[in-house]
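**Q** Okay, handing you the structure first.
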Amino acid sequence: MRTAFVKLYDKGLIYRDNYIINWCPRCQTAVSDLEVEHQEEAGHFYHIRYPIQGTDEALIIATTRPETMLGDTAVAVHPEDERYQHLIGKTAVLPIVGRELPIIGDEYVDREFGTGALKVTPCHDPNDFEIGIRHRLAQVYAMNKDGTMSEATGKFRGMERMACREALVEELKERGFLIRIEEHSHSVGRHERCGTVIEPFVSQQWFMRMKPLAENAIEAAKKGEVKFIPEREEKRFYEWMHNIRDWCLSRQIWWGHRIPVWYCQDCDEVIVPLEDPSECPRCGSARLERDPDVLDTWFSSGLWPFSTMGWPDEAPLLKTFYPTSVLVTGWDILFFWVSRMIMLGIECMDEVPFRTVYLHPLVADEKGQKMSKSRGNTVDPIMSMEKYGTDGFRFALIWLVSPTIFMPLPEDRISKGREFANKIWNVARLVRMNLEGFDRDALRPLDFNLADRWIRSRYHRVIQEITQGLEEFRFSEVAQTLYDFIWHEFCDWYAELNKLRWSEEEGAIGRYTAQYVASEMLEGSLRLLHPIMPFITEELWQHLPHEGESIVIASWPEVDENLIDPEAESAMQLIMDVIDAIRSSLGELGIPANRDVHILIQSSDPAQRAVLEAHLPIYIRAFMRNAQVKIAETISAPKEAASAVVGNVEISIPLIGLIDIDAERQRLTKKLNKAIQDLERTDRMLQNPAFLERAKPEVVEQRKNQKEELTNEVEKLKRYVRMLE
RNA sequence: GGGCGGGUAGCUCAAUUGGCAGAGCAACGGCCUUACACGCCGUAGGUCACAGGUUCAAGCCCUGUCCCGCCUACCA
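Everything in the first sequence is counted per this note's numbering, starting at 67 for the first residue and increasing by one.
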């Protein structure tokens, strides 16, 4: 901090000045522009008559803050305003107080607004302050630092500013100076910490000259040295940088870094040294007093990327980690912190502190409202973590994050995060229970079955998706992909199918392969999940076959293209579709899955039949223990049966005496109607010559295949429905 | 005043480069199938705010309108 301050002071970028700043009368400190929150509030427009000396004329002036008139030192009109031009150079008399106010012409005045005449209060309004400088106007404080009226306000002195407003308006009314009061909605600035209305106030403070720093920051961003995600944040960054104003650094509060400036009590020398001085370098006096104020905390925060790593020394840490890769933070402190880190980083290190700034949304409450202490709708993350676990909470956060401004974090999602953790815990238990006697390094022969090939293929695709998703900052999709893969593919299908092999005897090749693949998939999934759920993944990983000491430093899974197996994927897809169709039919008819059933499967496609014959009779038993499957080119299905059609595959489950024919017919009719609708839509497309001509060939191809499939399905369903009539 | 984001299932939110709208919760029906009831299986639920336009094709692109939110600004 000290080095940075001195460096910037020596370069003339930090200076001390008597200037108008934002003052909080309650906290009794200066605050920066960023710490003032503006809001439209209902107020009044007071029209007040200012008599012109030596004439019968008067200027009507409209103001929202009548109490500030006690600090007026001029009245301004537009120099080209024909109504008032002739008054320029004359003198107005401040009502009640009687102070003489020069009438000046200034282009700042908006002829259209209010009455077109402006009272000028240099000490309590930023614009008036500027006008005051331009016209060398006197400065009269109407208020003290605590928000009470000053000595200069005569009988109002000591009154609180709002109370004074009332009393003053009352008196103006009585003495005939108040013309009228209008309802007026205007923007009011309040201190973000305490909600007190900010008082613009002239006082001596330390400032940082921002223009040159901002120019460098803009240039760095333009050159792509630092990127913002989402992109719109870059625009916001430029917008702010282009309109930047000098930064008031001084704070009159008790905490923070004290400003490293000493003032010689004898010769008024201002001393800004690296080491605490004992005497004045100019006059040698030992009577030095340090500036009592402290720095805005964002000053030292802005130095964080390098001051934490040994700067200004040439520390090894600094060499390694400056600049770093990504800064992750909320968009609300883009100006407060991020921008200042960039500006001060360039200034002190000659380089931006990070390459990418990822700005995430702010967590809103359940109703989507911004959380704020004053609104009392804050949610304590620690409480959530205690209730749902840190990993579950983290998963929910990542799962829900999107490029919006606010994200609600509904409790049911956090709860689902915990349930996901629980699911993983349990599937790991299942795998471990069956890992007894397993030695991955035994290098015994393996015999991958369809499910093995499928899950490994899916796993390697998932690695690809996750890796890319993380690189592109699409965190929510990453979480969703992991959720679907682990829960629905690994647990719901693979783990269930694997159970069939776990009853095989110790040492059997099937059992060994199942152990090998299950542990491999789980171990790899944990590594993919680790950035989101660090604790549970480490714990489970330690109990699975793995390489390395800790998952924290384990290598990131790599895609093995050879294991991506489209053939296994489509074969498995067929199996899953058929099983789904069977389950769905029985489910809709209320037939429990453990009933003895015969499942008759018919397909005219020999390749399809081969896949089904090879796997379905075995795999179906993972889900329906007592099912018997028969697969043939043609089957003769009985009337009393549950039926389903999956593309080319017909499924019939005889349920003599168990089935309500009417219900089954209705069920199939519904499916038929849906299929007919789909077919018609597809057909319409394919009959449109413009579609055939202009659409991408692969899309046309896809539609053609779809038509064929749907035609098949419709025809088959029709037959079943007819049979049931 | 300027700028930005959003309006999609009952609720909270997704949807890469335009190519048949998804998830979680809630709802409904069935399961204590020895990893998990924080679970399993199944079902239902959408005029993608509104009006035009571009396109073979629009939640997505363009124009306008209506709501909601945010950032920013020295109209007293």
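In this text, a Cβ means the ideal position worked out from N, Cα and C, and glycines have one as well.
This one's a predicted model, so the numbers in the text were calculated from it and none came from an experiment.
1) Using 8 Å as the threshold, is the segment 580 to 600 in touch with the segment 612 to 630, meaning 3 or more CB pairs across them?
2) In this structure, how does DSSP classify VAL625 when only helix, strand and coil are distinguished?
3) From LEU125 to TYR116, what distance separates their C-alpha atoms?
4) Could you tell me the alpha carbon to alpha carbon distance between ALA710 and ARG441, rounded to whole angstroms?
5) Could you spell out where the alpha helix (DSSP H) holding ASP83 opens and where it closes?
6) For ALA703, which of TRP370, GLN668, GLN694 has the nearest alpha-carbon?
7) Can you tell me the Cβ-Cβ gap for ASP362 and ILE325, rounded? I've got them flagged as a contact below 8 Å.
8) Given that a residue counts as buried once 16 or more other Cβ atoms are within 10 Å of its Cβ, and exposed if not, what is ARG131?
9) Classify GLN639 as helix, strand or coil using the three-state DSSP reduction.
10) State the Cα-Cα distance for the pair ARG691 and ILE657, rounded to the nearest angstrom.
11) Which one of LEU682, VAL780, ALA462 has the shortest CA to CA distance from ALA741?
12) Thinking just about the alpha-carbon of each residue, which of ILE490, GLU196, GLU133 is nearest to the one in ILE602?
13) Would you mind giving the Cβ-Cβ distance between ALA96 and GLN318, rounded to the nearest angstrom? I have them listed as a contact below 8 Å.
14) Would GLN271 be called buried (16 or more neighbouring beta carbons within 10 Å of its own) or exposed?
15) Does DSSP put GLY171 in a helix, a strand or coil?
16) Pull up the distance between the alpha-carbon of ARG524 and that of VAL583, whole angstroms please.
17) For GLY396, which three-state DSSP category applies?
18) In chain order, which continuous runs of the alpha helix (DSSP H) of length 4 or greater are located wholly inside the segment 692 to 777?
19) Contact between the segment 341 to 360 and the segment 397 to 409 is defined here as three or more beta-carbon pairs at a separation below 8 Å; is this criterion met?
20) Cβ atoms of SER405 and ALA283: under 8 Å apart, would you say?
21) Measure the alpha-carbon distance for ASP662 versus ASP478 and round it to whole angstroms.
22) Can you tell me whether DSSP reads GLY483 as helix, strand or coil?
23) By the 10 Å Cβ neighbour count, where 16 or more other Cβ atoms means buried, how is ILE448 classified, buried or exposed?
24) Among VAL712, ALA204, GLU106, which residue has its Cα nearest to the Cα of HIS250?
25) Could you tell me if VAL338 is buried or exposed, where buried requires 16 or more neighbouring beta carbons within 10 angstroms of its beta carbon?
26) Using a Cβ-Cβ cut-off of 6 Å (strictly less than) and excluding sequence neighbours within five positions of LYS156, which residues of its own chain qualify?
27) Use the C-beta contact count for PRO161: other C-beta atoms within 10 angstroms, 16 or more gives buried, fewer gives exposed.
28) Just checking, does the segment 637 to 648 make contact with the segment 484 to 503 on the three C-beta pairs under 8 Å criterion?
29) Which same chain residues, not among the five before or five after MET67, have their C-beta less than 6 Å away from its C-beta?
30) From LEU496 to THR69, what distance separates their C-alpha atoms?
31) Within a Cβ cutoff of 7 Å, which residues of the same chain sit near PHE472, ignoring the five residues on either side of it in sequence?
**A** Taking the structure as given:
1) yes
2) coil
3) 5 Å
4) 56 Å
5) Unbroken run through ASP83 is the beta strand (DSSP E), 80 to 90; no alpha helix (DSSP H).
6) GLN668
7) Not quite, the Cβ-Cβ distance comes to about 10 Å (not below 8 Å), so this is no contact.
8) buried
9) helix
10) 14 Å
11) VAL780
12) ILE490
13) 6 Å
14) buried
15) strand
16) 13 Å
17) strand
18) 727 to 753, 755 to 760
19) no
20) yes
21) 39 Å
22) helix
23) exposed
24) GLU106
25) buried
26) ILE118, ILE169
27) buried
28) no
29) HIS323, SER366
30) 59 Å
31) PRO427, LEU428, ALA430, GLY434, LYS436
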